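Chains as they are written, first to last, in my numbering: chain A, 1 to 468; chain B, 1001 to 1466.
Beta carbons are placed, not taken as given, at the ideal position from N, Cα and C, and that holds for glycine.
Being a predicted model, the structure only gives us computed values, none of them experimental.
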Amino acid sequence: MTRRIPLLATLTVAVCTAWPAVAQNATAPVTAIRNATILTVTKGTIEKGTIVIRNGRIATVGANIDVPRGATEIDATGLYVMPGIIDAHSHIAVDGSVNELSLSVTAMVGIEDVLNPDDIDIYRGLAGGVTTANVLHGSGNAIGGKNAVIKLRWGKEARALLFEGALPGIKFALGENPKRASASPNAGAERRYPTTRMGVIDVIREAFVEARAYQGRWRGYDAAVKAGDRTAVAPARDLALEPLVEILEGKRLVHAHSYRADEILQLLRLAEEFKFKVATLQHVLEGYKVADEIAKHGAGGSTFSDWWGYKFEVVDAIPYNAALMTDRGVLVSINSDSAEEHRHLNQEAAKTMKYGGLSEEQALKLITLNPATQLGIDKRVGSIEVGKDADLVLYTAHPLSVYAIPQQVLIDGVVYFDRAKDLQARDTRAKAKQALKDKEKAGAAPARSTPTETTPKVETTPRVEGDR
Amino acid sequence: MKLARLRVAALGLACVVGATTGPSAQPVAPIAIRNARLVPVSGPPIDAGTIVLANGLIRAVGARVDVPAEAVVIDGTGLTVYPGLFDAFTDLGLGAATTGAAGAATPRPAPRPIRGPQDRPATTPWVQAADEFRADDRRIETWRSGGITTVVTAPRGGVFPGQAAVINLSGERREDVIVRSAAAVPLVLTPPGAGNVFPGSLMGVYAYVRQVFLDTRHATDASRRYDANPRGKTRPEHDRSIQALQGALQAKTPFLVPASSSAQIDRVLTFGRELEIPVVVYGAHEGYAAAARLAKARVPVLVSAHWPEKARDGDPDADELLSVLELRDKAPRTPAALAEQKVPFAFYSDGLSGPSEYLANVRKAVKAGLAADTALRALTLDAAQLYGVQDRLGSLEAGKIANLVVVQGDLLGDKSTVRHVFVDGRRFEGTADATTGSGSGARPSGRGGPSTPPSSIGGAVSGGRR
């Protein structure tokens, strides 16, 4: 089976794992954040604490810790430090459409191919304390494209954004969006199947039936090769079925866009029939109605704090959803699904304390450790513990307060956002801009009409409510 | 002087009349350009040299060259002779009607619905520009009169629109003008149609192209096995897209892949490595930021000379992003950056309306730091090299195809006028369009329509001079 994993993927992992260590060694091997209120998420709060960062990882955390000689010091007096926020549902940093809408099963497409490291939303998310994002395909089809889990390493090239070692995932979608009942087909084009909820689950089932057959062909081939059959012919690779086989083999996480209790149960039952697990139910606004079933299946729930009513299938939602699911043993995260909302996910998490009475630590987990666990990266991120990546946010106030503003954001121990520096740079940038404008005006040749250009333009990401 | 010019014009007329049947037709009188400054590109310039053309080829170039007695002699005093220029990627001669999608002459049944990659949407790599080229494209004369003697032209439309050909802008018969067919396989990564037909997104296009190359390689193995012993085996499916790509892979034909921004260039370099195909990047306006990576990947570049401009009808007070302003400022620096990193590159027109704009934009690259001789190479020999025709085109060397442009002034200087253009040894007149200076090129234009054969062009021009 391994031979079919593209070489590229293997290379990527190799390159990316090497990257942070090299960068750290070359620049600042040791950093110390001093005198901070440290919200570890897993091990309580440390007042006037110190975090020592070595090679991008947390080396020591505690109240009485010696700062190694030569360390770069960050004075965090009066500041709160928490683990970087993990957004389990994002559509930032994508070139072109986030939806491949043409077919009902588009497992062959993937976000990794079209990551755009220049998207300003990366920086804006970073400025809101987000350090990791699960960048998902849209919800336009029953089985959408592959995801990419990224760290918001603003300024790095696309492949250096990838969260090295994160389990690959894929988007599924139920309900209104994949039905596309209201979408009018192009003249001459066929109306896409399905147009009902029955059809959506049928499409997913058919896809897995096909995937099993495909898996069988490969198993037959692998067995023949193992038995020494030199005439064995490898089946043709099918990029749409490979990810589904990976799901069946537990190597790829399913992130399923879903709202209603009935469709949630439909999918969980189908997954159990095919013996795979749904990693997360995304949005899952009626999750509170079937929380026990979700918990029993072992799926995570990644929801909004209090966002609903934008279409008919999302009317029966309540702001207690996250808290109620948590109470019933579901692993819950709060996500943004939005390049606006990801800038204040800390406040979104805080709402669960009012609606449902979650504790501070539980609320913080919704945007740190829980999404990390859902994405299979909890050994690396999600809490402030020795050995974990130094992905940290320094806030001016307790992050669950509406007054909290991120001052600095670190990823792998490197400061990727510094509010003071950003404020300073604004003037420089404005001057640079004006200088370029003046230069252009001075050298302006009489403008010409521009004929059709054939060079491809960077496509902009359409961000529409329909993705939700 | 006036007398001399008259004589030259008259003799020019004689020679083009004799050459109308094409480069490979019966021999015509050789042409010698004497006492001109020669810029061979492949070697140092010769201040007062002679170049002799015969049978569509360069017979001799040098400071001291024997001029055959029967040769028509052109006095090159005050003129500079350069190799003919390339537009290294265009659709000249391939109008919308000749693109792959509509390439078939006979009406086709309604296309079957696209249910996935297996239906090969927007994929016509079997279409050859060399088969579709039409010499009656009105734009040809415009480009040729500005010194563009050779184009690499490719069909448009779709993800795999078809294969490019190296074509000399010398005549009417398709058979005569093709220098090299199947010279490159261009790819387009923009979704070809509406979003609800596969591939309907950029990531869909990437996935599709990946699947097509997997299928191509799988089919190659399958047919090899079948051909070795067909008995008892199901015969492989016939797929002309796959066959065309198999041929291209086997011939190591370069694949032209679009990438404009630095991030897109990275993406395409990664993709090319994954697919194990020889990539040439086209576009590359932000190549100044990616030159080192292109060098490391040993990927050549076709630089779009259509530098980004402020939209003419845009709001003059619009607050544009710093990154947009920077790109406009720095894009013309791309060629210099590529040259510094020793990345092979050539220019292409990318929708510019004519040779004057094209050359004016190359001059902008020179002003932005590109050495003039490097710019010239990128317009000639390096372009030829990119398509594997450097042994026959791109420089003034004995035995090469007689494509030259004769200029008053410095081709890449501020003021220059194209006086004559020779393609496959056939002589054409330059026009004012190829100049940046004002009035100097305003010449009588008593010529006929664009499809008028060159014989009458010559006649009309010399007539007009009298």
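- As a beta-bridge residue in DSSP terms, B:GLN1128 pairs with B:GLN1163.
- Identification of chain B residues near A:ALA236 by a Cβ-Cβ cut-off of 9 angstroms yields LEU1214, ASP1215, HIS1218, ALA1219, ALA1222, ordered along the chain.
- Where B:PHE1271 is concerned, there is no enclosing beta strand (DSSP E), although the alpha helix (DSSP H) around it starts and stops at 1262–1275.
- Shown here, A:THR60 sits in a strand according to DSSP, grouped into three states.
- Under the DSSP assignment, A:ALA435 falls in the alpha helix (DSSP H) whose first and last residues are 419–442.
- Taking the Cβ atoms as the reference, B:SER1349 lies roughly 6 angstroms from B:THR1090, within the contact range of under 8 angstroms.
- For the pair B:LEU1245 and B:TRP1126, the Cα-to-Cα distance works out to about 8 angstroms.
- Straight through space, the alpha carbons of A:TRP308 and A:GLU341 are spaced by roughly 14 angstroms.
- Sequence-distant partners of B:ALA1088 (beyond 5 residues in either direction) whose C-beta falls short of 7 angstroms from its own C-beta, in its chain, are VAL1152, LEU1302, ALA1346, PHE1347, TYR1348, ALA1383, LEU1386.
- Residue environment: B:PRO1044 is assigned as exposed (fewer than 16 neighbouring CB atoms within 10 Å of its CB, all protein chains considered).
- Put simply, the backbone Cα of A:VAL278 is about 17 angstroms away from that of A:ASP202.
- Contact between B:LEU1053 and B:ALA1398 fails: their C-beta atoms lie close to 10 angstroms from each other, not under 8 angstroms.
- Note on B:HIS1306: 16 or more other CB atoms within 10 angstroms of its CB, so buried under the neighbour-count rule.
- Looking at the backbone, the Cα of A:ALA234 and that of A:TRP218 are separated by about 7 angstroms.
- Among the CB atoms of chain A, one or more fall inside 7 angstroms of the CB of B:PHE1198.
- Assigned with DSSP and collapsed to three states, B:ARG1427 falls in strand.
- The secondary-structure analysis by DSSP pairs A:GLN408 across a beta bridge with A:LEU394, A:ASP418.
- Per the C-alpha coordinates, the member of B:ILE1058, B:ILE1140, B:VAL1061 positioned closest to B:GLY1095 is B:ILE1140.
- Uninterrupted beta strand (DSSP E) stretches at least 3 residues long and entirely within the region 252–281 of chain A occur at 253–258, given in chain order.
- In the pairwise beta carbon analysis, the region 171–181 of chain A is classified as touching the region 132–152 of chain A: at least three pairs are separated by under 8 angstroms.
- Burial of B:ARG1363 is indicated by the presence of at least 16 other C-beta atoms within 10 angstroms of its C-beta.
- B:ALA1295: not part of any beta strand (DSSP E); member of the alpha helix (DSSP H) spanning 1291–1297, first to last residue.
- By the criterion of at least three beta-carbon pairs nearer than 8 angstroms, the region 1178–1190 of chain B is in contact with the region 1202–1218 of chain B.
- Note: A:GLY300 is bridge-paired with A:THR280, A:LEU331 in the DSSP secondary-structure output.
- In the structure shown, B:PRO1199 adopts coil according to DSSP, grouped into three states.
- Listed in chain order, the non-local C-beta contacts of B:TYR1288 below 7 angstroms within the same chain comprise LYS1330, ARG1333, THR1334, ALA1337, local neighbours out to five positions each way being set aside.
- As the crow flies, the alpha-carbon of B:LEU1038 is around 22 angstroms from that of B:TYR1358.
- Contact between A:ILE86 and A:ILE367 holds: their C-beta atoms lie close to 7 angstroms from each other, under 8 angstroms.
- Only residues of its own chain outside the window of five on either side were considered, and among them ALA88, ALA279, THR280, GLY300, SER302, LEU331, SER333 have a CB closer than 7 angstroms to the CB of A:GLN374, listed in chain order.
- Secondary structure note for B:VAL1179: its beta strand (DSSP E) is the uninterrupted segment 1178–1186.
- Between A:MET108 and chain B, the shortest Cβ-Cβ separation is below 7 angstroms.
- For A:VAL114, the residues of chain B that pass the 7 angstroms Cβ criterion are LEU1202, MET1203, TYR1206, in the order they occur in the chain.
- Three or more Cβ pairs closer than 8 angstroms define a contact, and the region 1237–1254 of chain B meets that threshold against the region 1156–1165 of chain B.
- Chain A places a beta carbon closer than 7 angstroms to that of B:ASP1266, counting this residue as a contact.
- Straight-line measurement puts the Cα of A:VAL105 at about 41 angstroms from the Cα of B:GLY1314.
- At least one C-beta of chain A is nearer than 7 angstroms to the C-beta of B:ASP1329.
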